[in-house]
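Going line by line, the protein sequences match chains A and H. One rule links them: number in our numbering = place in the first sequence (from 1) + 41. One rule links them: number in our numbering = place in the second sequence (from 1) + 4. Where is the CB? At the ideal position from N, CA and C, for every residue including glycine. Please read the structure below before turning to the comments.
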Amino acid sequence: MHNKKLLVAALLLPGAAIIAVFIAMMASMVRYSFSPGGVSVIGEGFTFDNYWKFLSSWFYWSYLFGSLRISLYCTFISAVIGYSIAYAMYRSGPRTQLIFGAILIIQLFTAYVIRTYAIMLLIGKNGIINKTLLGLNIIQQPMRLLFTETGVAIGLVMVSIPFMVFPILASLKNISPNVEMASASLGATPMRIFWTVTFSLSLPGVAAGVVIVYLFELTSYIVPGLLGGGYADMIANFIYNKAMRSFDYTFASAAAVITLVLSGIVVLSLNKLFDRLTRHERA
Amino acid sequence: MWNRRHVLAMGASVSALPFISSKGFSQSPAKEIRLLTWGGYWQDIFRPVAEAFEKDSGTKVEFVVQSGSADGLNKLTAQRGNPQVDVWTSIASTVQAATSAGILAKLDPEKIPHLKEMPKEFVSDAGVSIWLSPRGIFYRKDLAPFELKTWKDLWDPRLKDKVGVTLALDRGSFLIVSALLNGGDEHKIDAGFENIKKLKPNIHTVYSTDPESIKLLETDEVAVVAWGALPNVYHHLGPGSKYAFVMPTPHFLADIPVSIVKGRGEAQQMAAEKFVEYMLQPQYQTIMASIAGTVPANAKASIPEKLKGIIPSLPIADVYSVDWAYVNSQYSAWEDRWAREVQVR
Chain A
42 MHNKKLLVAA
52 LLLPGAAIIA
62 VFIAMMASMV
72 RYSFSPGGVS
82 VIGEGFTFDN
92 YWKFLSSWFY
102 WSYLFGSLRI
112 SLYCTFISAV
122 IGYSIAYAMY
132 RSGPRTQLIF
142 GAILIIQLFT
152 AYVIRTYAIM
162 LLIGKNGIIN
172 KTLLGLNIIQ
182 QPMRLLFTET
192 GVAIGLVMVS
202 IPFMVFPILA
212 SLKNISPNVE
222 MASASLGATP
232 MRIFWTVTFS
242 LSLPGVAAGV
252 VIVYLFELTS
262 YIVPGLLGGG
272 YADMIANFIY
282 NKAMRSFDYT
292 FASAAAVITL
302 VLSGIVVLSL
312 NKLFDRLTRH
322 ERA
Chain H
5 MWNRRHVLAM
15 GASVSALPFI
25 SSKGFSQSPA
35 KEIRLLTWGG
45 YWQDIFRPVA
55 EAFEKDSGTK
65 VEFVVQSGSA
75 DGLNKLTAQR
85 GNPQVDVWTS
95 IASTVQAATS
105 AGILAKLDPE
115 KIPHLKEMPK
125 EFVSDAGVSI
135 WLSPRGIFYR
145 KDLAPFELKT
155 WKDLWDPRLK
165 DKVGVTLALD
175 RGSFLIVSAL
185 LNGGDEHKID
195 AGFENIKKLK
205 PNIHTVYSTD
215 PESIKLLETD
225 EVAVVAWGAL
235 PNVYHHLGPG
245 SKYAFVMPTP
255 HFLADIPVSI
265 VKGRGEAQQM
275 AAEKFVEYML
285 QPQYQTIMAS
295 IAGTVPANAK
305 ASIPEKLKGI
315 IPSLPIADVY
325 SVDWAYVNSQ
335 YSAWEDRWAR
345 EVQVR
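This is the structure in structure tokens:
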């Protein structure tokens with residue numbers, strides 16, 4: 042019994058160390074956010090000035106609301122595309138599943154910056170999309186996709202698809218084929234089986250995918266930085282610019298704490314929503 | 005036979021050893037120093053100096069990479085309690101911020117004798133310029149509809165949607181140029197914002213780093229980069245090149261200072277001072293300038309031949325000197341205003 046407790050403690054130790062470092066980082070950030078600041082200065086003392094400066098300015102709020110808005114519709118698009126891919130993989134044979142899975146995993150493990158650069162080449166003025174559309178005479182001059190919010194949205198959806206597909210696929214694979222067969226034998230149409238049985242039972246996977254992707258997109262820095270060209274900066278870009286370019290560490294810390302709190306609220310709300318939606322499954 | 009008194013005396017002697025070694029004898033320079041500088045080919049600029057220094061002094065120079073001078077300042081700020089680098093190369097604006105924050109050591113002319121022969125404008129309390137880096141317009145000759153010669157050419161309607169501009173690079177310097185062209189300066193920045201707003205039809209995008217600006221040109225996204233650093237584009241220039249660099253008046257020459265980081269201990273500081281002294285010697289100034297495409301800060305150093313065809317004859321007249329202390333105090337507000345007024349379509 043004593044040995045078992047020791048083993049559990051030893052197994053928990055690495056995780057506890059990581060959590061401790063994370064807590065220390067967060068504690069530093071919170072402390073800085075209440076410190077008086079200046080250019081490259083973290084002063085002594087306690088102040089609410091940084092929070093007041095952020096919360097009293099509609100301009101700063103616009104970065105938060107803009108990020109929430111972009112992440113919201115990009116998560117919805119990612120969920121639709123991700124579900125379609127996961128469902129196609131679920132219904133296909135092992136060979137197709139393997140090929141799709143490999144493509145997604147390769148994308149997942151390719152450096153984030155490289156993937157974003159590849160998207161730049163795709164949607165740029167002389168990218169494949171514009172060249173194809175120009176070649177087919179569909180457009181007369183290149184469309185502006187790069188350095189716009191549309192470009193950022195394309196990028197966010199493309200890089201976050203694997204995070205959506207895998208939880209949904211795992212959820213779909215947990216559904217017993219007998220349930221669908223039972224529904225069919227009771228006269229349900231394929232569409233009804235999909236909505237009332239398959240989709241309904243795969244909601245936990247959708248919930249996991251939505252939470253992961255939403256947070257991933259809300260805090261995205263590289264995609265809006267490279268594909269937005271400053272025209273679609275999100276909250277992470279704003280925080281980076283304040284800390285790393287303006288050297289205003291205390292104000293950047295306050296903005297980061299506000300974003301963290303808001304992200305927490307969003308995750309809790311999403312969890313509650315999906316909890317309600319999947320209550321019947323657990324009953 | 006050792007008694008208790010002997011043991012105590014021995015213990016006291018051993019305890020005192022570190023104090024005797026650090027105070028009683030003269031310190032010798034450290035065997036390794038760390039230079040915080042830019043990555044990529046920038047290290048090729050410093051490598052010949054570092055190798056010659058190691059051969060002469062026995063002190064090895066290890067490179068630590070910063071993605072930009074702002075990144076360097078952030079690293080130094082984070083390491084303030086326990087600095088990890090000895091020497092830092094950056095730009096004047098970040099040296100000003102680092103000096104105000106008390107991160108850098110004061111440069112001592114007794115320990116760095118070449119400081120005395122450097123032009124006064126290139127020496128501050130905590131930084132001495134190692135070279136001057138010309139700033140100007142960099143463009144693609146095959147994409148630009150005409151030959152650019154002046155800053156005002158950027159506002160030409162023929163460049164509609166063809167220009168890339170920057171605020172972050174060189175801390176608002178292009179905004180200051182825009183202000184100067186409109187009767188203002190860094191203290192009267194409204195003139196700059198007014199002028200940049202007039203440039204908006206020509207602005208295709210905004211970049212933040214040198215590599216970004218070059219990539220924009222290489223992928224045909226823009227024809228003109230409104231603010232480029234000659235060292236970054238130096239290797240693209242030459243006969244038959246599709247690229248051109250023009251350095252209009254008022255001239256902007258970013259002086260690139262080298263500084264010594266405070267708090268690394270006597271041996272490290274001594275080696276760092278010797279390395280800075282080495283970098284200021286005319287022969288190494290010329291070597292670095294030839295590789296980098298820059299103007300040596302030491303007037304006794306000869307000017308690289310290739311530069312003579314690109315920049316105005318030396319010494320360069322009409323060079324604008326920026327009040328970096330003021331810019332640093334205003335930059336965060338400029339950044340917000342830029343996002344509100346310039347980076348919106």
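Taking the alpha-carbon of residue i as reference, which of the options has the nearest alpha-carbon?
{"i": "leucine 213 of chain A", "options": "A:Leu186, A:Met184, A:Ser201, A:Ala249", "result": "A:Ala249"}
{"i": "serine 263 of chain H", "options": "H:Phe57, H:Asp60, H:Asp112", "result": "H:Asp112"}
{"i": "proline 316 of chain H", "options": "H:Ala276, H:Arg344, H:Leu257, H:Val346", "result": "H:Leu257"}
{"i": "glycine 313 of chain H", "options": "H:Glu222, H:Leu220, H:Pro243, H:Ala105", "result": "H:Pro243"}
{"i": "proline 203 of chain A", "options": "A:Leu149, A:Leu187, A:Val80, A:Trp99", "result": "A:Leu149"}
{"i": "phenylalanine 100 of chain A", "options": "A:Ile306, A:Ser294, A:Leu301, A:Asp274", "result": "A:Asp274"}
{"i": "methionine 70 of chain A", "options": "A:Ser287, A:Ile280, A:Ile306", "result": "A:Ile280"}
{"i": "leucine 186 of chain A", "options": "A:Val252, A:Leu267, A:Leu47, A:Ile263", "result": "A:Leu267"}
{"i": "threonine 93 of chain H", "options": "H:Trp46, H:His255, H:Ala82", "result": "H:Trp46"}
{"i": "leucine 242 of chain A", "options": "A:Asp316, A:Phe95, A:Leu311", "result": "A:Asp316"}
{"i": "cysteine 115 of chain A", "options": "A:Met232, A:Leu197, A:Leu145, A:Ile164", "result": "A:Leu197"}
{"i": "isoleucine 253 of chain A", "options": "A:Val307, A:Ala295, A:Asn282, A:Thr230", "result": "A:Val307"}
{"i": "proline 254 of chain H", "options": "H:Gly269, H:Ser182, H:Val237, H:Asn206", "result": "H:Ser182"}
{"i": "phenylalanine 188 of chain A", "options": "H:Thr290, H:Tyr143, H:Leu163, H:Gly168", "result": "H:Gly168"}
{"i": "aspartate 90 of chain H", "options": "H:Ile37, H:Ala105, H:Gly106", "result": "H:Ile37"}
Can you name, in chain order, every residue of its own chain whose Cβ lies under 6 Å from the Cβ of residue i, other than the five neighbours on each side?
{"i": "glycine 86 of chain A", "result": "Pro77"}
{"i": "leucine 162 of chain A", "result": "Gly168"}
Give the secondary structure of residue i by DSSP, where H, G and I count as helix, E and B as strand, and everything else as coil.
{"i": "isoleucine 24 of chain H", "result": "Only weak support exists for where isoleucine 24 of chain H lies, its pLDDT of 43 falling under 50; the coordinates are left without a value."}
{"i": "arginine 317 of chain A", "result": "helix"}
{"i": "leucine 227 of chain A", "result": "coil"}
{"i": "phenylalanine 29 of chain H", "result": "Low confidence applies to phenylalanine 29 of chain H: its pLDDT is 47, below 50, so where it sits in the model is not reliable, and the reading given next is rough at best. Phenylalanine 29 of chain H: coil per DSSP, three-state reduction."}
{"i": "glutamine 47 of chain H", "result": "helix"}
{"i": "arginine 144 of chain H", "result": "strand"}
{"i": "glycine 192 of chain A", "result": "helix"}
{"i": "alanine 58 of chain A", "result": "helix"}
{"i": "tyrosine 272 of chain A", "result": "coil"}
{"i": "proline 261 of chain H", "result": "strand"}
{"i": "glutamine 83 of chain H", "result": "coil"}
{"i": "valine 91 of chain H", "result": "strand"}
{"i": "leucine 108 of chain H", "result": "strand"}
Which residues in the same chain as residue i place their Cβ atom closer than 8 Å to its Cβ, once the five residues preceding and following it in sequence are excluded?
{"i": "alanine 271 of chain H", "result": "Gln31, Ser32, Pro33, Ala34"}
{"i": "serine 25 of chain H", "result": "Its pLDDT being 43, under 50, serine 25 of chain H is placed unreliably in this model, and the coordinates cannot settle the point."}
{"i": "alanine 211 of chain A", "result": "Gly246"}
{"i": "isoleucine 263 of chain A", "result": "Tyr153, Val154, Thr157"}
{"i": "serine 224 of chain A", "result": "Arg233, Ile234, Thr237, Val238"}
Please return the same chain residues whose Cβ sits closer than 7 Å to the Cβ of residue i, not counting the five positions on each side in sequence.
{"i": "glutamate 221 of chain A", "result": "Ile234, Val238, Thr239"}
{"i": "tyrosine 335 of chain H", "result": "Arg175, Gly176"}
{"i": "proline 235 of chain H", "result": "Ser137, Ala296, Gly297, Thr298"}
{"i": "glutamine 70 of chain H", "result": "Leu40, Thr41, Trp42, Gly76, Lys79"}
{"i": "lysine 153 of chain H", "result": "Val250, Pro252"}
{"i": "tyrosine 282 of chain H", "result": "Val53, Phe57, Tyr288"}
{"i": "alanine 284 of chain A", "result": "Tyr290, Ala293"}
{"i": "serine 108 of chain A", "result": "Leu259, Met275, Ile276"}
For residue i, write down the residues that DSSP places opposite it in a beta bridge.
{"i": "glutamine 148 of chain A", "result": "In the DSSP output, where bridge partners are listed per residue, glutamine 148 of chain A has none listed."}
{"i": "alanine 293 of chain A", "result": "Its beta-bridge partners do not exist; DSSP assigns none."}
{"i": "glycine 176 of chain A", "result": "In DSSP, glycine 176 of chain A forms no bridge with anything."}
{"i": "isoleucine 126 of chain A", "result": "None; isoleucine 126 of chain A has no bridge partner."}
{"i": "proline 300 of chain H", "result": "H:Trp135"}
{"i": "valine 82 of chain A", "result": "A:Gly79"}
{"i": "valine 127 of chain H", "result": "H:Val132"}
{"i": "lysine 64 of chain H", "result": "H:Glu36"}
{"i": "histidine 255 of chain H", "result": "H:Val323"}
{"i": "leucine 52 of chain A", "result": "For leucine 52 of chain A, which the question treats as bridged, DSSP gives no partner whatsoever."}
{"i": "glycine 168 of chain H", "result": "H:Thr209, H:Val229"}
{"i": "tyrosine 247 of chain H", "result": "H:Arg144"}
{"i": "glutamine 70 of chain H", "result": "H:Trp42"}
Members of the region 178-196 of chain A that neighbour chain H once the beta carbon cut-off is set at 9 Å | Arg185, Leu187, Phe188, Thr189
Could you list the residues in the region 286-297 of chain A with a C-beta less than 7 Å from some C-beta on chain H, going in chain order?
-> Arg286, Ser287, Phe288, Asp289
When Cβ atoms are compared, which residues of the region 61-75 of chain H fall closer than 8 Å to chain A?
-> Ala74, Asp75
Listed in chain order, which residues of the region 103-114 of chain H have Cβ atoms closer than 9 Å to some Cβ of chain A?
-> Ser104, Ala105, Ile107
Contact residues within the region 233-251 of chain H, judged by C-beta distance below 7 Å to chain A = none
Taking a Cβ distance cut-off of 7 Å, strictly less, list which residues of the region 209-241 of chain A are near chain H, in chain order.
-> none
Members of the region 156-171 of chain A that neighbour chain H once the beta carbon cut-off is set at 7 Å | Gly165, Lys166, Asn167
Residues of the region 83-115 of chain A whose Cβ lies closer than 7 Å to any Cβ of chain H, in chain order | Phe100
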